[in-house]
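Enquirer: Sending over a structure as structure tokens; questions will come in a sec.
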Amino acid sequence: MLVSEIMLQQTQVDRVAPKYQEFLRRYPTIEALARAPVQEVKRVWYPLGYNIRPVRLHGIARETVERYGGRLPDDARTLQAMKGIGRYTAGAVLSFAFHRDAPILDTNVRRLLHRVFVGQGDPRSHRGTTALWALSEALLPRGKGYDFNQALMDFGALVCTARKPLCLLCPMRTFCHAYPWSGRDGSGTGGRVKAAPSGDRDALVPTSGAIRRTRRARGGRA
DNA sequence: ATCCGGTAGA
DNA sequence: TCTACCGGAT
């Protein structure tokens, strides 16, 4: 039941992983989750934050059982109509649970695409968001939504990190619009991203930083 | 003490 | 377009 995974995507994996296990052990099926008391679900959820999420997740489980025969809808509109599922989560469900070619855009992917293909401006402005969603969709190789999106997220989490991106390990270094020596921002800031009002500047050079968090919690199954 | 983040609702 | 939500990491 990828529903759990869905909801755990705005919290760091390190923190989610153990709870994810516990959650699936306790609610092996969407039916099990649906018939559980919402209060209990909230308790099991703790101490992951945003405690409206378990309530919504429970609601999604119930709706799925009642209206869709216990099978999560594989349609973006239907998915997004459910409280707790936004555009990103819908895309994640479609690509990761149903292996469909649906675009995703979370902060990791947003940062990655913005750096490589844009390099300036605020990735979180309305314009930026629109453009980056379009990019995410345009780049998606047909038939490879699952792998491509997975790679996008892993790369953003492991290499193109927010604080100290490992540019020296990055194969896109030579044409990345945010890479200082790519000759695109000409600012010669010596190792710093040109402008990033959103605050994702900081050293661009690898600093033996730890490679920790990824979001590998998926095992697949709908 | 500050920053970070999908979604919903205002 | 902006904010509340909730904990952990920095």
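Take 0 as the starting number for the first sequence in numbering that gives the first Met the number 0 and just add one per residue. In this text, a Cβ means the ideal position worked out from N, Cα and C, and glycines have one as well.
In three-state terms, what does DSSP make of tyrosine 178?
Expert: The answer is coil: DSSP assigns tyrosine 178 none of H, G, I, E or B.
Enquirer: Evaluate aspartate 105 with the Cβ neighbour count: other Cβ atoms within 10 Å of its Cβ, from every protein chain shown; 16 or more gives buried, anything less gives exposed.
Expert: Classification for aspartate 105: buried.
Enquirer: Do phenylalanine 95 and aspartate 73 count as a contact pair if the criterion is CB distance below 8 Å?
Expert: No, the pair does not count as a contact, with Cβ atoms beyond the cut-off.
Enquirer: Is DSSP giving glycine 85 helix, strand or coil here?
Expert: The answer is coil: DSSP assigns glycine 85 none of H, G, I, E or B.
Enquirer: For the segment 84 to 121, list the alpha helix (DSSP H) runs that are entirely contained and at least 4 residues long, ordered along the chain.
Expert: Qualifying alpha helix (DSSP H) stretches, in chain order: 86 to 91 and 106 to 112.
Enquirer: For phenylalanine 174, is the classification buried or exposed, using 16 other Cβ atoms within 10 angstroms of its Cβ as the cut-off for buried?
Expert: By the 10 Å Cβ count, phenylalanine 174 comes out exposed.
Enquirer: Using 8 Å as the threshold, is the segment 65 to 84 in touch with the segment 106 to 115, meaning 3 or more CB pairs across them?
Expert: At 8 Å Cβ cutoff, the stretches do not touch.
Enquirer: Report, in whole angstroms, the separation of the C-beta atoms of isoleucine 29 and threonine 63, which I expect to be a contact under 8 Å.
Expert: That belief holds up - the Cβ atoms of isoleucine 29 and threonine 63 are roughly 6 Å apart, short of 8 Å.
Enquirer: Where does arginine 123 sit, in a helix, a strand or coil, going by DSSP?
Expert: Three-state result, arginine 123: coil.
Enquirer: What three-state label does DSSP hand isoleucine 59 in the structure shown?
Expert: Isoleucine 59: helix per DSSP, three-state reduction.
Enquirer: Indicate whether phenylalanine 116 and leucine 134 have their beta-carbon atoms separated by less than 8 Å.
Expert: Going by C-beta atoms, phenylalanine 116 is nearer than 8 Å to leucine 134.
Enquirer: Exposed or buried, which one is proline 46 when buried takes at least 16 other CB atoms within 10 Å?
Expert: That one is exposed.
Enquirer: Below 6 Å CB to CB, which residues in the same chain sit around leucine 151 once its five sequence neighbours on both sides are set aside?
Expert: Val108, listed in sequence order.
Enquirer: Output yes or no for whether 8 Å exceeds the beta carbon distance between alanine 101 and glycine 90.
Expert: In contact: alanine 101 and glycine 90 (Cβ atoms closer than 8 Å).
Enquirer: In angstroms, rounded to a whole number, what distance separates the CA positions of lysine 41 and threonine 77?
Expert: Spanning the two alpha carbons is a distance of roughly 25 Å.
Enquirer: Considering tyrosine 26, what are the terminal residues of the alpha helix (DSSP H) in which it resides?
Expert: It is not in any alpha helix (DSSP H) - tyrosine 26 carries neither H nor E in the DSSP assignment.
Enquirer: Starting from arginine 141, trace the alpha helix (DSSP H) in both directions and tell me its first and last residue.
Expert: Segment: none, arginine 141 is in no alpha helix (DSSP H) and carries neither H nor E.
Enquirer: How many whole angstroms separate the CB atoms of alanine 161 and glycine 118, which I take to be in contact at a CB cut-off of 8 Å?
Expert: Wrong, their Cβ atoms sit about 16 Å apart, outside the cutoff.
Enquirer: How many angstroms separate the CA atom of leucine 131 from the CA atom of arginine 52?
Expert: Roughly 26 Å separates the two Cα atoms.
Enquirer: Report, in whole angstroms, the separation of the C-beta atoms of lysine 82 and arginine 55, which I expect to be a contact under 8 Å.
Expert: 5 Å between Cβ atoms; contact.
Enquirer: For a test of the three-state rule: what should DSSP assign to arginine 70, helix, strand or coil?
Expert: If DSSP states are grouped into helix, strand and coil, arginine 70 belongs with coil.
Enquirer: To the nearest angstrom, how far is the alpha carbon of phenylalanine 147 from that of leucine 168?
Expert: Taking the straight line joining both Cα atoms gives about 19 Å.
Enquirer: If you check the beta carbons only, do glutamine 8 and threonine 88 fall under 8 Å apart?
Expert: Yes, these two residues count as a Cβ contact at 8 Å.
Enquirer: Should tyrosine 49 be labelled buried (16 or more other beta-carbon atoms within 10 Å of its own) or exposed?
Expert: Classification of tyrosine 49: exposed, given that the 10 Å Cβ count is below 16.
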